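2 protein chains.
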Amino acid sequence: MKALRRYLPILDWGRSYDRGALANDMIAAVIVTIMLIPQSLAYALLAGLPAEAGIYASIAPILLYAVFGTSRALAVGPVAVVSLLTASAVGQVAEQGTAGYAIAALTLAALSGGFLVLLGVLRLGFLANFLSHPVIAGFITASGILIATSQLKHILGISAQGHTLPEMLGSVLAHLGEVNWATVAIGASATAFLFWVRRGLKHFLRHLGLSPFLADLLTKAGPVAAVVATTLAVWGFGLAGHGVAIVGEIPQGLPPLTMPSFEPDLLGALFMPAILISVIGFVESISIAQTLAARKRQRVDPDQELIGLGVANLGAAFTGGYPVTGGFARSVVNFDAGAETPAAGAFTALGLLMASLFLTPLVYYLPKATLAATIIVAVLSLVDFSILKKTWTYSRADFTAVAATILLTLLAGVEMGVASGVAISVLLHLYKTSRPHVAEVGLVPGTQHFRNINRHEVETDPTLLTLRVDESLYFVNARFLEDLVQERVTEGGAIEHVVLMFSAVNEVDFSALESLEAINRRLKDMGVGLHMSEVKGPVMDRLKTSRFLDELNGEVFLSQYDAWRKLGLPAAGRSHRPST
Amino acid sequence: MKALRRYLPILDWGRSYDRGALANDMIAAVIVTIMLIPQSLAYALLAGLPAEAGIYASIAPILLYAVFGTSRALAVGPVAVVSLLTASAVGQVAEQGTAGYAIAALTLAALSGGFLVLLGVLRLGFLANFLSHPVIAGFITASGILIATSQLKHILGISAQGHTLPEMLGSVLAHLGEVNWATVAIGASATAFLFWVRRGLKHFLRHLGLSPFLADLLTKAGPVAAVVATTLAVWGFGLAGHGVAIVGEIPQGLPPLTMPSFEPDLLGALFMPAILISVIGFVESISIAQTLAARKRQRVDPDQELIGLGVANLGAAFTGGYPVTGGFARSVVNFDAGAETPAAGAFTALGLLMASLFLTPLVYYLPKATLAATIIVAVLSLVDFSILKKTWTYSRADFTAVAATILLTLLAGVEMGVASGVAISVLLHLYKTSRPHVAEVGLVPGTQHFRNINRHEVETDPTLLTLRVDESLYFVNARFLEDLVQERVTEGGAIEHVVLMFSAVNEVDFSALESLEAINRRLKDMGVGLHMSEVKGPVMDRLKTSRFLDELNGEVFLSQYDAWRKLGLPAAGRSHRPST
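Sequence lines, in order, name chains V and P.
So in numbering that gives the first Met the number 0 the end of the first sequence lands on 579, straight run, no missing numbers.
So in numbering that gives the first Met the number 0 the end of the second sequence lands on 579, straight run, no missing numbers.
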């Protein structure tokens, strides 16, 4: 039963579901549904799919996540970044607008879902940590710029293409002669209106005396107002005849049952993009889920989240959708609107189902420029360069990773950008550990505590060289310590004992063990003792399985102070070293 | 002048070169030359090149290394593993026996040389550390098996091919019907003879009363004896007419001036193999150089070694050779024979030059089976599976890396094998750091020293939770600590203060800083103080650039003992915790 409840969190929150929770969930669902209708249509277009795919991708996935997910507030569905990644991946294997394109999108969702479920069952959620916070922040910012740029063509009513910023801008410039002014009028005013809604409407409505709740609700309905107004304008003035691109016919009905392709070539081509989409989607989703859960002191289980998102993606694959994940905007709206349980998601799915059954004829004349405006306004709020400044002050390595991620995402595309971000973070980390900080330490007078002789006022002993190694010892830096000890001992004449203070050594791998053996042999030849202090339990356990401790030309001390008392000169011989 | 001496070590040892050194160097050169003639021919065949390429690859490179290298005993030239890697890389872009094949080998040497020089000038020698000792050991062992297997066809007189063990064995089995028995007779007896020379001859000669020096010299001449005997046999019995493959005509003269190709396609195809060959060659070479230098208390400068090897490879590229590196067998022989300076190498080059001028007609009838026997006997001494046992006892992670390297080298080829070895080592290291060891610590009675409560008898305080974090905090494990602290604090009721003991934290990157901020915020909300102790200088410097220390809901203590005295209960409230 407990195991079942781990895989089906619904059994957990379902037990205490009451009338109050129901009311809250339903109100949240209405608000989210209103917001999601234009957003879903828009993101489907961003992904290069027919508009209805966005609605379909919001129905089954939400329901499935409600059963398998652990976050109470996460709203799953199409999101901007994953839509962009989908367009980029599927665009490489099929032509937009073909049946192959839609099937490839289904296949991508299936692969990505399968991969997420696999990671979840194997409890490998920690792998997502390889995408560091700064890299994600940089990636989201760059993606926001890419997405907004990709929508320019819809606002201008021209055809343009490209997957990188220079390609897109170049293509827009090349087609600038074909601008459709009716489209520009609609697109520009919708964009301006939506920016105003986001920035000023709420304040304005509060000023008029509306209740906070109502002001908030009307603000969220802003995109719907833009949709209604521009649809009416196109219909009333017959603008479709003047070259304004419209959404057109959308099939009315339940989400269809669809089948992803299992053709090996296609699976091979989509394999890497699917992993990328899974990881990025998961990281985005789990960050949102954890932030929201922390506010209510709830817990989110990362491994179960993998399963929840995976099943949601599998659901999308079989019901005409495309890859989905937890969206920031929709989740926050859901949370703020008072959603208490995943049932709110189920009600949202119901609302969208109604929309796909009855409302699709109403959006026939909806101009694509309005959807583009919705996307632009939504994604520009993701663009935040402050991470560059923050990391610059704190750590050049983090700054390098962020800057590279942003630049490469803009200049070489999303896949290259995020992959480079991860690779650069890992390499910089390894580089840092390859040249570890090693401090010579002395006794802080009046204590049993040892600190760096260059930073603190400490007592030292000319016959005793104590090096505090500030890094785990492993193959990347094994030889470094070998060279360092050799250098220090040959340069200083009076040294009789070397103590390696291992308080910061968390691992000694086989290569490092061989280096320690070499250090021991060389010091023995030179008549210098090699000792160790403050070796931690796990490291000691490991060393005991080798012959190193038997051959050690010295002792292992529990604390550095013990080593100092046993090996050092009497107090008279010590020198006092002021901090510099 | 000092800068010049850094790049031209010859200016260093050249100043004190005297008559004694000259005599020693010349004797060593004679011995090494005798050993190198058959070896060079054999390795060229292993690389798929005409036999003379092996001689040429030993002349200019040795001379150039004598000028630019820092090791006194390293002997540079064709070696087994690099020859195998050359065959594998060049075989992918050209057909063996064509002019394109030889040019591709020159190009590979040029690329590899250029890359090594670049690394040396940029002082990036530490990059070679990514190839850990166990991975190299595994790779060399597996390569030895591959190389020996690849020579079976020459011993059997059949044609066979393949780059992996199953391919090679399959191909040999498929052609088993074509065995040439005259070749087998020569190959098998040469192999048996050479094994006996290696195992028993020296002992036998000493037993006969020869001086150790002479016994040793005759043992080293064993391969030459095999060459002479089998060449005479083929010539005398006219075995070439019975299908015994012979070396045939070798151009007589100085090494030719050659030009590698700079065609972009070829450079692109050889780029990755060149990097691999450079790194493997460098690592093999530097290990040998350092081992030999340590015996005489000399120093080897890894960055200058890169330049020395790089220039040697460039030399090979322009004089009809192929990629070279410092060879184990030849360097040890050189060292044991008493070589004192790189001049020994120069004399060896002179000896080989004589050979290429005057001796090549003599090896016309030399059977390839004899060369194959030389290779087999040489490389089987590299095969050593003890690394598997050693790493199994010491660390499963290292064992996994070795086992994967061996298996993948045998089953998927050398390039895949070594690349996987590096990737697996890095991933396993990152995996280990992603789930750090965190110990709850208490005071060792009568000291100021704190240790793990589960391993030592210590005093603890129910209101004070002290966690010693045994790992640098960075993006891969940032969230781990967040979850852990949350869990520990919510489960234990009486905790008023949490102290993070940072003695083993060597880095806090930006992601980890954000996690620490999150921990601080949450503990503040719960009314629990967050403190830190024993934060190291470099970590503290970094933290001071952020606002974390201002917002910290507690203090930073110099030592854990200070924190204990300030925050803990009076002694009466402490509990004594025996070690378990």
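Ideal Cβ placement from N, Cα and C applies to all residues, glycine included.
Please read all numbers here as calculations on a predicted model, not as lab measurements.
Residues of chain V with CB under 8 Å from residue i, in chain order?
i	result
residue 396 of chain P	508
residue 425 of chain P	425 and 429
residue 544 of chain P	392 and 393
residue 490 of chain P	Neighbours of residue 490 of chain P on chain V: none; closest Cβ ~12 Å, over 8 Å.
Can you list the residues of chain P that residue i reaches, using a CB-CB cut of under 9 Å?
i	result
residue 418 of chain V	Going along chain P, no residue has its Cβ under 9 Å from residue 418 of chain V, so there is no contact; the nearest lies around 15 Å.
residue 558 of chain V	443, 446, 447, 448 and 450
residue 541 of chain V	393 and 394
Where do the ends of the alpha helix (DSSP H) carrying residue i lie?
i	result
residue 510 of chain V	509-524
residue 469 of chain V	Looking at the DSSP string, residue 469 of chain V is not in any alpha helix (DSSP H); the run it does join, the beta strand (DSSP E), is 463-469.
residue 428 of chain P	413-433
residue 339 of chain P	Run containing residue 339 of chain P: none; DSSP gives neither H nor E here.
residue 163 of chain P	Per DSSP, residue 163 of chain P belongs to no alpha helix (DSSP H) and is neither H nor E.
residue 390 of chain V	385-393
residue 19 of chain P	18-45
What are the start and end residues of the beta strand (DSSP E) that includes residue i?
i	result
residue 436 of chain V	436-442
residue 206 of chain P	Residue 206 of chain P -> not in any beta strand (DSSP E); alpha helix (DSSP H) instead, spanning 201-206.
residue 229 of chain P	It is not in any beta strand (DSSP E) - residue 229 of chain P instead sits in the alpha helix (DSSP H) that spans 221-236.
residue 496 of chain P	496-500
Can you pull the DSSP bridge partners for residue i?
i	result
residue 245 of chain P	P:366
residue 544 of chain V	Partner(s): none; residue 544 of chain V has no beta bridge.
residue 460 of chain P	P:463
residue 76 of chain V	V:324
Kindly indicate which three-state DSSP category residue i falls into: helix, strand or coil?
i	result
residue 482 of chain P	helix
residue 328 of chain V	helix
residue 194 of chain V	helix
residue 561 of chain P	helix
residue 312 of chain P	helix
residue 451 of chain V	strand
residue 556 of chain V	strand
residue 551 of chain V	coil
residue 531 of chain P	strand
residue 472 of chain V	strand
residue 68 of chain V	coil
residue 282 of chain P	helix
Which bits of chain P does residue i rub up against, with CB to CB less than 7 Å?
i	result
residue 334 of chain V	None at all; the shortest Cβ gap to chain P is about 18 Å.
residue 69 of chain V	What residue 69 of chain V touches in chain P: nothing, since even the nearest Cβ is about 14 Å away.
residue 288 of chain V	Those within 7 Å of residue 288 of chain V in chain P number zero; the least Cβ separation is about 13 Å.
residue 535 of chain V	469
Within 8 Å of any Cβ in chain C, is that where the Cβ of residue i sits?
i	result
residue 530 of chain V	The structure shown contains no chain C; its protein chains are V and P.
Sorted by chain position, which residues of the same chain lie with C-beta nearer than 6 Å to residue i's C-beta, five sequence neighbours on each side aside?
i	result
residue 498 of chain V	465, 530, 532 and 562
residue 122 of chain V	302
Got a sec? Which residues, its chain only, sit under 8 Å from residue i by beta carbon, not counting five neighbours each side?
i	result
residue 116 of chain P	305, 306, 309, 310 and 313
residue 204 of chain P	213, 214, 217 and 218
residue 501 of chain V	468, 531, 532, 533, 534, 535 and 538
Please list, in chain order, the chain V residues whose beta carbon lies closer than 9 Å to that of residue i.
i	result
residue 128 of chain P	433, 474, 475, 476, 477, 478, 479 and 510
residue 300 of chain P	Ordered by position in chain V, no residue passes the 9 Å Cβ test against residue 300 of chain P, which lies about 10 Å from the chain.
residue 125 of chain P	430, 433, 434, 475, 476, 478 and 479
At 8 Å on the CB atoms, spell out the chain P contacts of residue i, in chain order.
i	result
residue 277 of chain V	Near residue 277 of chain V there are no residues of chain P at all, since even the closest Cβ is about 18 Å away, more than 8 Å.
residue 454 of chain V	536
residue 513 of chain V	132
Cβ closer than 7 Å: which chain V residues qualify as neighbours of residue i?
i	result
residue 502 of chain P	502 and 503
residue 133 of chain P	509 and 510
With a threshold of 7 Å on Cβ separation, who are the neighbours of residue i within its own chain once the five nearest residues in sequence on each side are excluded?
i	result
residue 579 of chain P	Unreliable positioning characterises residue 579 of chain P in this predicted model, as indicated by a pLDDT of 49, which lies under 50. A coordinate reading is not provided.
residue 340 of chain V	12, 16, 20, 24 and 71
residue 478 of chain V	514
residue 93 of chain P	99, 100 and 103
residue 376 of chain P	190, 193, 194 and 197
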